[in-house]
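Top to bottom, those sequences are chains A and B.
Letter 150 of the first sequence, counting from 1, is numbered 150 in the numbering used here, and no numbers are missing.
Just add 1000 to wherever you are in the second sequence, counting from 1, and you've got the numbering used here.
Glycine included, each C-beta is placed from N, C-alpha and C at the ideal position.
Keep in mind it's a predicted model, so treat the numbers as computed, not measured.
Some notes on the structure that comes next.
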Amino acid sequence: MLKEIRFALRSLAKSPAFTLIAIATLALAIGANTAVLSLVNALLIRPLPYRAPQRLVLLLQHFKAQNLERIPVSPPEFIDYESRAQSFERLGAFGYANFNLANSNKPERIAGAVVTAGVFPLLGVAPVQGRFFEPEECKPGRNDVVIISERLWRQKFSRDAQIVGTKLLLDGKSFTVVGVMPEGFDFPLQLFNLGAGGQFGGRADIWQPLAFTDKELQVRYSRSYFIVGRLKPGTSLAQAQAEIETINDQMRREHSDNYSQDGSFGGDVFSLKELAVAGMRPALLILLGAVVLVLLIGCANLTTMLLARAASREREMAIRVALGAGPMRVLKQVLTESVLLALLGGMVGLLLAVWGVDLLKHIGASTVPRLREVNLDLRVLAMTFGTAVGTGILFGLVPGIACAKPELTESLKEGGRSSTQGRRRNRLRSALVVSEVALALVLLTSAALLMKSFVRLQNASPGFDPHNVLTMEVSLPELRYPDNTTIVRFSDEAQRRIAALPGVQFAAVTTILPLAGTNSDSSFAIEGRTNDRNAPAPDEEKREVSANYFRAIGTPLIRGRFFTVADNADAQPVIIINQALAKKYWPNQDAVGKRIVMGGMSSHPTWITIVGVVGDIKHTGLDAEPKPEMYVPFAQDPYKSMIFTVRSGQDPRLLASAIRSQIQAIDPAQPVANIRTFEQVIADSVAPRRLSVLLLGVFAGAAVILASVGIYGVISFLVVQRTYEIGVRMALGAQRADVLRLVIGRALKLVGVGTAVGLFLAFFGTRALQALLYRVSAFDAPTFLLVSLILGIVALAASYLPALRATRADPMIALSQNA
Amino acid sequence: MIRLHGVERVYPLAKGKFFYVLRDIDLDVAEGDFVSIMGPSGAGKSSLLHILGMHDHGWTGEYFFGDTAVHLLKAKERAALRNEQIGFVFQSYHLLDDLTVYENLDIPLSYRHVGKSERAAMVADTLDRFQIVGKKDLYPRQLSGGQQQLVGVARAIISNPKLILADEPTGNLHSSQGEEIMNLFKKLNSEGTTIIQVTHSEKNAAYGNRIIQLRDGWVV
């Protein structure tokens, strides 16, 4: 074996150009595979960072009649589940939260969560310092303790060994640190797809005990918390689901005032892992498919190169066989060379993968947070090694078999010309190039479709004008802002100060920002329309906005009026709805002037009058149709967490510092977080898609490069092989143009067949993309045509040099070599 | 028809030295001649033939083909003249292996931009003339040596050249096959085609009306 390796190394060193191109081809193919395998491993395959994560579930609710899915639960509902469910070892509740941390420099908003005492134990991750929360600490007035993350401990406290017991000033209140979670611990994961991962939801660094207030425990319809649970060993998801449905039935019967009796209310048990990965799975699988295609193209390239190399070594192999080498021995020699090439290519590919993954994390981690977890672990290294050896055997096998059975007589004679085996290998080489072109076309078409879709998505109107608008988030602490009056006072003063800044056209607040990943809804009743007790009440999305909000974001007024400063807490309740809501509930009427009441109808309803209809805004995504929405004046229903939206006549980023100063002039302890232009908000909303398009584009580019190298190689070899024929043709009168036509024509024929096969494959393959495409058909003819044209041009370019070389063939030399 | 005056072919060697393949060749060939160029191996016979056939451009001296001063023409002009006036028959036939007999005959006409229907007629005539119609769809590897050379000769004359150059046309054939080819040449010559052949065979040389001896690049 050592002899074979030594000889293989020597043989490869003698052909540096071939060796370098082969290694580069493999490095590209294996590197891309390794990088994407790392992604798939970290994001789809690797278990979540909790104890026995396969038994962890999330419990969410739905109201099917109102198209509400995966919605949180209320505290009374959590208590019911916790006390009645038998399928779980433990259930815990949690909610997203933010904390204003006061420190010596400036106040800072830290993302966090509130959790019941059972959450950390059921996740099975112990703190590295301190302890879990005690059940007693999950009561109002007793929950002034926190657990912090290792990251916060490191960044803010320099890993102070005395951290447990340290006091932190959060939201103006003193909290004691009782524990530190280990490095890498992440809960709740931002990709639980629960709609709170964007706005107001960074990676949690502070956890506080969740203490339900008495008021919260009375109200069944205010749903803001999520339930995490650990199934008992041996209990399946289906069994847990059945039990939850039974509990829901009980709730419906026992609290019939709160639930419609039509069966649309229910609960769902989701695997935690499934929720974390479901959104990413289609894109990752498509990427995996893409790199497999790149690998196949790389292998095809290598096979054609090795076949050409085998043809040039036919005499050597024939001599070996004539001297007694068995076919297996010859095969072993060729396979040693190809596996060696593959291993060298694999090593370089691994380096490329490391850089590639680092680059990916750098550009993508802010929008696909779990990208932080991607690394090249042992499993991926083993897969890479396996891929390298596998490809080495794959692309070495065919030429190896060809070498192992040479046509002795033909090969040992001087200048044997066109043998049967030679023609067979030519057909094989041609078939490989056709396959490469076909696969490259599939990849290129997919990338082109996704790019076209992405461009259309980016150009889609969101329903407002995002240019020159700055947004920033403020969360007011309860201690300093205990009631609506103080909240509104802060909000009004901040808007007044901001609006007075030079360059500011409009300043406003909202509680929910479009395309930022959060939502809020409310049920309501319409005057004059009695709800059937058995039918669900209307339930639509609801936001709280200040008077200048629609002007600030540039949403048009369709009917009626915008809010004014007169629409305050002392005024008659008013509401603005969007066109979609108006169409849904008052399809052939003017909605302005109509009245609704929030929640259910009561004996003394507080009527709210519709004063205006605004244009539809795309809230959940640029590719989603606008939903019915209603807007109430912020002054009539304020929230501590608000987002300022400021329209400027210039680059709004120039105002960031001044706006922050104005807010902190009102309250120096009040941090401002997540300052982004609205264009950035939109860009962030499509960032995962952008990443997929970018990656697929890179792989498609790699595939085209590899395919063109393949075409160049095959045509070059063809020219060498046909030097004699070209010489005869020139002796018979062929001019330069005739020779060019002969060689390029051959290349175009191969590419033509490859393109036809590729179009056929793409026609079926691109169906898998349809779910990811926006306003682009998977069978978009112009895209298919453009891609075919591009490949044709690439083929022309790749075959031009060899064709030019062919025209320089000297017929004299060609004829004398084969006389 | 052909006049060579002072034609020389030289190859440079290392250290400023030169190798003379042909030296001071003076040659006159009249129309209708059947000339045999003879001489030992390395005498320069094939080189002279390739100069006459305008395949080789690395020579010096004067070469007149009819009234045309070939030595003053550019390579492209020579190629055009060659295509019009000269047919070549090779020792190794040099048929194109991946083309049928029909296609091998068609190739030189396509390079002369002859129209498709005219080409078809000329190929059909030639196939008929050489009595190889039945073999038109066969590939060279399916023919015997003699049949391949027959096709080679047919290809050389299909465009009605004034001059045929043959480089050891029977070198790879059995004697009976060789005789057939030489008789064919004789017939073509009697019909007016000028033929210049390179041969080692006295018997083949006897078919011609003139012999030119070459030794060490000189005409003796």
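**Study point:** is_contact[A/Val714, chain B] using C-beta, thresh 7 Å
**Key:** False, the Cβ-Cβ gap to chain B never drops below 7 Å.
Check your understanding: Which chain A residues sit within Cβ distance under 7 Å of B/Phe1088?
Key -> The answer, in chain order, is Ala731.
Review point. Are any of the Cβ atoms in chain A nearer than 7 Å to that of B/Tyr1093?
Key: For B/Tyr1093, the nearest beta carbon of chain A is not closer than 7 Å to its own beta carbon.
Practice item. Return the first residue and the last residue of the alpha helix (DSSP H) that A/Met251 is part of. Key: Its alpha helix (DSSP H) spans residues 237–254.
Check your understanding: Opposite A/Thr486 in the DSSP bridges: which residues?
Key -> Residue pairing by DSSP places A/Thr486 in no beta bridge whatsoever.
**Study point:** Completely contained alpha helix (DSSP H) runs for the region 567–597 of chain A, where each covers 4 or more residues
**Key:** Segments of the alpha helix (DSSP H) lying fully in the region 567–597 of chain A: 579–585.
Review point. What's the call for B/Ile1207, buried or exposed, on a 16-neighbour Cβ count within 10 Å?
Key: In the sequence as displayed, the identity of residue 1207 of chain B is Tyr instead of Ile. By the neighbour-count definition (other C-beta atoms within 10 Å, threshold 16), B/Tyr1207 is a buried residue.
Check your understanding: Can you list the residues of chain B that A/Ala734 reaches, using a CB-CB cut of under 7 Å?
Key -> For a Cβ distance threshold of 7 Å, residue set Tyr1111 of chain B lies close to A/Ala734, ordered along the chain.
Exercise for review: Check whether the region 657–672 of chain A touches the region 562–580 of chain A, counting contact only when three or more Cβ pairs, one atom from each stretch, lie closer than 8 Å.
Suggested key: The region 657–672 of chain A is not in contact with the region 562–580 of chain A.
Review point. For the region 716–723 of chain A against the region 700–708 of chain A, are there 3 or more C-beta pairs whose distance is under 8 Å?
Key: The region 716–723 of chain A vs the region 700–708 of chain A: no contact.
Check your understanding: Which partner residues of A/Asp465 appear in the DSSP bridge assignment?
Key -> Per DSSP, A/Asp465 has no beta-bridge partner at all.
Check your understanding: So, are the CB atoms of A/Gly517 and A/Gly560 less than 7 Å apart?
Key -> Going by C-beta atoms, A/Gly517 is not nearer than 7 Å to A/Gly560.
Review point. For A/Ile23 versus A/Gly345, is the C-beta spacing smaller than 7 Å?
Key: With respect to the 7 Å criterion, A/Ile23 and A/Gly345 are classified as neighbours on the basis of their beta carbons.
Exercise for review: Would you list, in sequence order, the uninterrupted beta strand (DSSP E) runs of no fewer than 3 residues that lie entirely inside the region 23–95 of chain A?
Suggested key: You should have 56–63, 68–71.
Point to revise | Span separating the alpha-carbon of A/Arg370 from that of A/Arg151 | key: Taking the straight line from one Cα to the other gives about 16 Å.
Exercise for review: Could you tell me the distance, in whole angstroms, from the CA atom of B/Leu1096 to the CA atom of A/Val728?
Suggested key: In a straight line, the C-alpha of B/Leu1096 is about 8 Å away from that of A/Val728.
**Study point:** Separation of A/Glu725 from B/Phe1018, as counted between CA atoms
**Key:** Approximately 31 Å between the Cα atoms of the pair.
Exercise for review: Could you round the C-beta distance between B/Gln1148 and B/Pro1140 to whole angstroms and report it? I think they count as a contact, below 8 Å.
Suggested key: Yes, they are in contact, since the Cβ atoms of B/Gln1148 and B/Pro1140 sit about 5 Å apart, within 8 Å.
Practice item. Give the single residue among B/Leu1004, B/Pro1108, B/Ile1195 whose Cα lies nearest to the Cα of B/Gly1233. Key: The displayed coordinates of chain B run from 1001 to 1220. Any statement about residue 1233 of chain B would go beyond what the structure contains.
Exercise for review: With DSSP collapsed to three states, give me the class of A/Gln789.
Suggested key: Note that residue 789 of chain A is Leu in the sequence shown, not Gln. Three-state DSSP puts A/Leu789 in a helix.
**Study point:** Local Cβ density within 10 Å of B/Pro1108, reported as buried at 16 or more and exposed below that
**Key:** Classification for B/Pro1108: buried.
Exercise for review: Please confirm whether any heavy atom of the ligand ZN lies closer than 6 Å to the CB of A/Asn578.
Suggested key: For the ligand ZN, the structure offers nothing, since it holds no ligand at all.
Point to revise | Inter-residue spacing [alpha-carbon to alpha-carbon] between B/Arg1082 and B/Met1054 | key: Straight across, the Cα-Cα distance linking B/Arg1082 with B/Met1054 is about 6 Å.
Point to revise | C-alpha distance - B/Ser1117 paired with A/Phe395, whole-angstrom precision | key: Cα to Cα, B/Ser1117 sits roughly 47 Å from A/Phe395.
Exercise for review: Please decide whether B/Asn1160 counts as near chain A, where near means a Cβ-Cβ distance under 7 Å.
Suggested key: Taking a beta-carbon distance threshold of 7 Å, B/Asn1160 does not count as an interface residue toward chain A.
Practice item. Specify, as a first and last residue, the run of the alpha helix (DSSP H) that B/Ser1176 falls within. Key: Start and end: 1175–1190.
Practice item. Go to B/Glu1168, then tell me how far its beta strand (DSSP E) extends in each direction, as first and last residue. Key: No beta strand (DSSP E) contains B/Glu1168, which DSSP labels as neither H nor E.
Check your understanding: Residues of chain B with CB under 7 Å from A/Asp738, in chain order?
Key -> Think of a sphere of 7 Å around the beta carbon of A/Asp738: the chain B residues whose beta carbon falls inside it are Tyr1111, in chain order.
**Study point:** Inter-residue spacing [alpha-carbon to alpha-carbon] between A/Ala768 and A/Arg808
**Key:** Taking C-alpha positions only, A/Ala768 is separated from A/Arg808 by approximately 48 Å.
Check your understanding: Looking at the unbroken alpha helix (DSSP H) that takes in B/Ser1047, where does it start and where does it end?
Key -> Taken as a continuous stretch (DSSP letters only), the alpha helix (DSSP H) holding B/Ser1047 covers 1045–1052.
Exercise for review: Output, in chain order, the set of chain A residues within a Cβ distance shorter than 8 Å of B/Leu1096.
Suggested key: Under the 8 Å cutoff, chain A gives Glu725, Val728, Arg729.
**Study point:** Collapsed DSSP secondary structure at A/Val474 in the structure displayed
**Key:** A/Val474 carries a strand assignment under DSSP once its states are collapsed to helix, strand and coil.
Point to revise | Check whether A/Val128 and A/Val178 have beta carbons under 7 Å apart | key: No, Cβ-Cβ distance for A/Val128 and A/Val178 is not below 7 Å.
Point to revise | Runs of alpha helix (DSSP H) wholly within the region 275–348 of chain A (minimum 4 residues, chain order) | key: The qualifying runs are 281–312, 314–322.
Review point. Given that A/Met812 touches chain B, what residues does it touch there, using C-beta distances under 7 Å?
Key: Residues of chain B passing the Cβ test: His1050, His1055, Asp1056.
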